[in-house]
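Peer 1: Below are the structure tokens for one structure; questions will follow.
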Amino acid sequence: MSAVAAGGNYATQRPTATPMSSRASLTAVSRGTEAVHNRRLKRSIVVVLAIVAVYLLRQFVSIGVAEGAYEIASLNQQQVNLQRDAEFASEQLRVMDSPQNLATMAEKLGMISNAQPAYLRLSDSHVFGSPSGAEKTGSGAVPIANDLVKQLGVSSVVVPATESADEKATTVQSETETGAVASGSEIPAPKTN
Amino acid sequence: MLRRLQNLSRVSWLLIFTYVMIGLIAVRLFDIQVLQSARLAEEANNRRSVSQTLYGTRGTVYDASGIVLAESVERYDITVSPRFVASFVRDGSTVTVDEALAEISFHTGVKQATMKNAILKDPESDFAYLAKAVTIDVLREIQALDIPWVYSDLRPSRTYPRGAVAGNLVGFMGTDGPQTGVEYYQNECLAATDGTSFYERGADGVRIPGSTVVTVEPKQGGDIRLTIDSDLQWFAQQTLQDQGKKLGAAWATAMVVRVADGHILAAADWPSVDPNNVDVTKPDDLGARIFSSPFEPGSIFKPMTIASLLDMGKITQTTKVTVPSRFSVGGAFIKDSFGHATMKWTTTGVLINSSNIGVSMLAKGMSATQRYDLLKSWGIGTETSVNFLGEDPGYLADPAGVDVITQNTQMFGQGVTVTSAQMAQVYQTLGNDGVRIPLTLVSGCEKADGTMTNLPATTPTQVVSAKAAQETVEMMELVVTEGSAAPVLKIPGYRVAAKTGTAEVAQNGVYGSKRIISVAGLAPAEDPQYAVIVTFGLPTNGDSSYYAGPAFSTLMGQVLKYYRVPPSTTKTPDLPETWK
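Right, here's the structure in full:
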């Protein structure tokens, strides 16, 4: 650029080479040349070996990483599968735990729900309610729906009770006046203590 | 000189050319790097990556004790590539298409013909469904069949482990998202957002190490916690079903409220919808009538009116009323549900005998606006704080346009409509010394990061004085011990305060033979802890509130037993029913 700006101010002559005669006092050392050559060869071999070693190492690491990737993939898959198993198992458990399923299983065992409980007050042996056994009503209560019981194939593990036990699982205990227990009104109570 | 100029211009041309080229390159660079960068980056990604949807999980709905009412689960669609459907060799023997479909049918329960139709519909296509939403165990069985043209797709699904328990409250999901109930009106909390993950994979489908780039993280949905106790809810629904069938009712509702904090422990609807299988339920029964279906409440209104009159100092428990057989008002007659001669009842007697005439006489002299304000103060005509999906405020006429007859009938629950939830709120207030605590169904939304939102309103409102509320509860207790429905309302061992109500259902503006019967009450009466209301719609085997009694006492009895309330040790107050 500066040469262009200077406009035609070119050198008129090529520079001449320095004459060899000025370095005539220097001579070659023949013995040293071979030693240098050997050293260089050794160095080259070391370098080549090092490169090969690094390359091989890299290959091994790469193979290792790739294998690790397969192992990771397989372990990830295993983890996913196990998680799915666990989730499905707890899902089934929650359905088994549902009141509909429990009520059905209890009824299959011959159990009857008693909506009218009786109480015994310990302080004065006062009996509230009519302490009689529950009667089986008709065909039993139809549980409110839970389609998951069917969907998940949650089946009752309970063996149905025998016909005789199923028919009447009640033992009628001592009868007291049914329905006569009004709030606060006096009730004849046995004095047992 | 000329030569210099020529030289100069040649150089300038070169420079200009260079500048233009640089400019063009810059423009192209800008075009690629800025204008087209997104598209090119995407194209590049598409070439080297596969994308995977990371499903955000929709939140769970829990009851008060942490029982799962609605949860997201993984289901799988079994799909097929129809154009590859053919016989294949497995373990050395040939398996025909029919044999393969029979095997799938055995595991999925889908009919073989249905699957065959799906394949034959478009034999050249690459995709058709064989079975939808199968569970993981079924999927594994299908995979074990090793059929080369059968595939599977993940389908995030929603299940309701307790089935119809709280089904009408929880709602359900359809193919287009939430359809009703909590699923719908709390969707903002529950909804999740799917994310996407890009990664490079080799020909064998294994991810190339270190290449995963998650571009969009999925957003997990929040969890909703309800105040419902699912075991009690089940009992309430079961009771409604048993009694509803016995009474031949069209529908029934029940609500249990904890008096101290207004928490709804059970809000039952019958017929109950099973969110796992909604197709078997009539569309009218899919929602929660307890919030959405207002009705004329009838006599369960009376304790509320009397409490306000006590609070105003207009009456006492023993105010003497001479109740005629009929009472003339605004050119019409108000009558009682049973014929009687002129009776000398106290306020207590008016409540025990559920006298419409008595209540009208006790409220005599109040202006239309005063009556309106009285009802409004209890929350009549306003949705409850639950603000449930489709909740109805009921009907309370503007005082300016109300005729004299309606002004009177409103005091005993006619000419005004309410939902069961509103009535439960009224009884909560009566039981809580006149202090209304807003009803709560959703106790909160727990976001994925642990923060709680959607917290319920808890501001208390003193509606009537504690004295007025307590005195009303005392009188209501005598309804249970002395009233005509006493035999079915009593709960052995406990003091119970309640009021029955029979409302005639108006059809085309005229009261017909159809009834809505209900009982609302509190227990234990000496220190009310729970409010319960049961309502049966259009019963065919029993048209008086007496028939709602067994469901009330059964449910209240269970509540007291379930929450371990010790039996009462004090006696019912002795209040005069009549005077001489």
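Those protein sequence lines, which keep their order, are chains R and B.
The numbering of the first sequence is our numbering, which starts it at 1 and goes up by one.
The numbering of the second sequence is our numbering, which starts it at 1001 and goes up by one.
Beta carbons are placed, not taken as given, at the ideal position from N, Cα and C, and that holds for glycine.
This one's a predicted model, so the numbers in the text were calculated from it and none came from an experiment.
For B:Asp1527 and B:Gly1331, I'd like the C-alpha separation in whole angstroms.
Peer 2: Going by the C-alpha atoms only, they are around 43 Å apart.
Peer 1: With 7 Å as the C-beta to C-beta threshold (strictly closer), list the residues of the segment 1219-1252 of chain B near chain R in chain order.
Peer 2: From the segment 1219-1252 of chain B, only Asp1231, Trp1234, Gln1237, Gln1238, Gln1241 and Asp1242 have a Cβ closer than 7 Å to chain R.
Peer 1: Against chain R, with Cβ distances strictly below 8 Å, would B:Lys1314 count as a contact?
Peer 2: Cβ-Cβ to chain R under 8 Å: no for B:Lys1314.
Peer 1: Report yes or no: is there a C-beta of chain B within less than 8 Å of the C-beta of R:Ser98?
Peer 2: Answer yes: the Cβ-Cβ gap between R:Ser98 and chain B drops below 8 Å somewhere.
Peer 1: Residues in the segment 1265-1290 of chain B with C-beta within 7 Å of chain D's C-beta atoms, listed in sequence order?
Peer 2: In summary, chain D is missing from the structure at hand, where the protein chains are R and B.
Peer 1: Short check: CB of B:Ala1064 to CB of B:Asp1229, under 8 Å?
Peer 2: Yes, Cβ-Cβ distance for B:Ala1064 and B:Asp1229 is below 8 Å.
Peer 1: Give the residues of chain B in contact with R:Asn114, contact being defined as C-beta atoms less than 9 Å apart.
Peer 2: Chain B residues near R:Asn114: none, gap ~11 Å exceeds 9 Å.
Peer 1: From what residue to what residue does the alpha helix (DSSP H) around B:Phe1552 run?
Peer 2: Unbroken alpha helix (DSSP H) run through B:Phe1552: Gly1549 to Tyr1562.
Peer 1: Could you check which residue in B:Val1532, B:Val1273, B:Leu1489 and B:Gly1512 has the C-alpha nearest to that of B:Trp1251?
Peer 2: Selected option, being the one with the closest Cα: B:Val1273.
Peer 1: Is there a Cβ from chain R that is less than 8 Å from the Cβ of B:Ile1142?
Peer 2: It does not: the Cβ of B:Ile1142 has no partner Cβ on chain R nearer than 8 Å.
Peer 1: With 16 as the cutoff for other CB atoms within 10 Å, does B:Phe1536 come out buried or exposed?
Peer 2: Classification of B:Phe1536: buried, given that the 10 Å Cβ count is 16 or more.
Peer 1: Distance cutoff 8 Å, beta carbons only. Does R:His38 sit that close to anything in chain B?
Peer 2: Note that residue 38 of chain R is Asn in the sequence shown, not His. By this cut-off, R:Asn38 is not an interface position.
Peer 1: Do you know whose CA, among B:Ala1268, B:Asp1285 and B:Val1259, lies nearest B:Asp1231's CA?
Peer 2: Per the Cα distances, B:Ala1268.
Peer 1: I believe B:Ser1420 touches B:Ala1485 by the beta-carbon criterion, under 8 Å. Please report the beta-carbon distance rounded to the nearest angstrom.
Peer 2: About 18 Å; that fails the 8 Å criterion.
Peer 1: Mind pulling the chain B residues with CB within less than 7 Å of R:Gly129?
Peer 2: Result: Pro1492 and Gly1493.
Peer 1: Answer with buried or exposed for B:Pro1123, where buried requires no fewer than 16 other C-beta atoms within 10 angstroms of its C-beta.
Peer 2: Looking at its Cβ environment, which holds fewer than 16 other Cβ atoms inside 10 Å, B:Pro1123 is exposed.
Peer 1: Would B:Val1534 pass as a contact of B:Val1510 if the rule is Cβ separation under 8 Å?
Peer 2: Cβ atoms of B:Val1534 and B:Val1510: not closer than 8 Å.
Peer 1: Taking buried to mean at least 16 other C-beta atoms within 10 Å of its own C-beta, is R:His37 buried or exposed?
Peer 2: Exposed, since its Cβ has fewer than 16 Cβ neighbours within 10 Å.
Peer 1: Based on Cα-Cα distance, which residue from B:Lys1499, B:Glu1446 and B:Asn1454 lies nearest to B:Gly1222?
Peer 2: Closest option to B:Gly1222, Cα to Cα, is B:Glu1446.
Peer 1: What residue range is occupied by the uninterrupted beta strand (DSSP E) comprising B:Leu1232?
Peer 2: Taken as a continuous stretch (DSSP letters only), B:Leu1232 belongs to no beta strand (DSSP E), being part of the alpha helix (DSSP H) at Ser1230 to Leu1247.
Peer 1: Does R:Ile63 get closer than 8 Å to chain B when you measure Cβ to Cβ?
Peer 2: No, no contact with chain B.
Peer 1: Leaving out the 5 sequence neighbours to the left and right, which residues in its chain are closer than 7 Å to B:Leu1154 when beta-carbon positions are compared?
Peer 2: Closer than 7 Å at the Cβ level, and outside the excluded window around B:Leu1154, lie Glu1074 and Tyr1076.
Peer 1: Using a beta-carbon distance below 8 Å, is B:Thr1135 in contact with chain R?
Peer 2: Closer than 8 Å: yes.
Peer 1: To the nearest angstrom, report how far apart B:Thr1322 and B:Ser1355 are at their CA atoms.
Peer 2: Computed Cα separation, rounded: 11 Å.
Peer 1: Please list the residues of the segment 1143-1165 of chain B that have a C-beta atom closer than 9 Å to any C-beta atom in chain R, keeping them in chain order.
Peer 2: For the segment 1143-1165 of chain B, which is checked against every Cβ of chain R, the residues closer than 9 Å are Thr1159, Tyr1160, Pro1161, Arg1162, Gly1163, Ala1164 and Val1165.
Peer 1: Where DSSP assigns a beta bridge to B:Val1426, which residues make up the other side?
Peer 2: B:Val1426 is not bridged to any residue.
Peer 1: Is it true that the CB of B:Thr1429 sits closer than 8 Å to the CB of B:Trp1345?
Peer 2: No, they are not a contact pair.
Peer 1: Just list the alpha helix (DSSP H) runs in the segment 1087-1123 of chain B, keeping only unbroken ones of 4 residues or longer that don't cross its boundaries, in chain order.
Peer 2: Those alpha helix (DSSP H) runs which fall completely within the segment 1087-1123 of chain B and span 4+ residues are 1097-1108 and 1112-1121.
Peer 1: Evaluate B:Ala1457 with the Cβ neighbour count: other Cβ atoms within 10 Å of its Cβ, from every protein chain shown; 16 or more gives buried, anything less gives exposed.
Peer 2: Exposed, because fewer than 16 other Cβ atoms sit within 10 Å of the Cβ of B:Ala1457.
Peer 1: Using a 10 Å radius around the Cβ and a threshold of 16 neighbouring Cβ atoms, would you call B:Thr1453 buried or exposed?
Peer 2: Exposed, by the Cβ-count rule.
Peer 1: Name, going along the chain, the residues of the segment 1062-1087 of chain B whose beta-carbon falls closer than 7 Å to a beta-carbon of chain R.
Peer 2: Listed by position, the residues of the segment 1062-1087 of chain B near chain R (Cβ gap below 7 Å) are Val1068, Val1073 and Glu1074.
Peer 1: Going straight from the alpha carbon of B:Ile1517 to that of B:Gly1358, what length do you get?
Peer 2: Whole-angstrom Cα-Cα distance: 21 Å.
Peer 1: Just verifying my parser: in three-state terms, what is the DSSP assignment at R:Glu177?
Peer 2: Because the pLDDT at R:Glu177 is just 37, under 50, the model does not fix this residue reliably, and the value given afterwards should be weighed accordingly. Residue state, collapsed to three classes: coil.
Peer 1: Report yes or no: is there a C-beta of chain B within less than 8 Å of the C-beta of R:Ile144?
Peer 2: Yes, because at least one Cβ of chain B sits closer than 8 Å to the Cβ of R:Ile144.
Peer 1: Cβ atoms of B:Asn1168 and B:Gly1287: under 8 Å apart, would you say?
Peer 2: Yes, the Cβ-Cβ distance between B:Gly1287 and B:Asn1168 is below 8 Å.
Peer 1: Identify which residue in B:Ile1437, B:Tyr1019 and B:Met1361 has its Cα closest to the Cα of B:Thr1459.
Peer 2: Ranking the options by Cα distance to B:Thr1459, first place goes to B:Ile1437.
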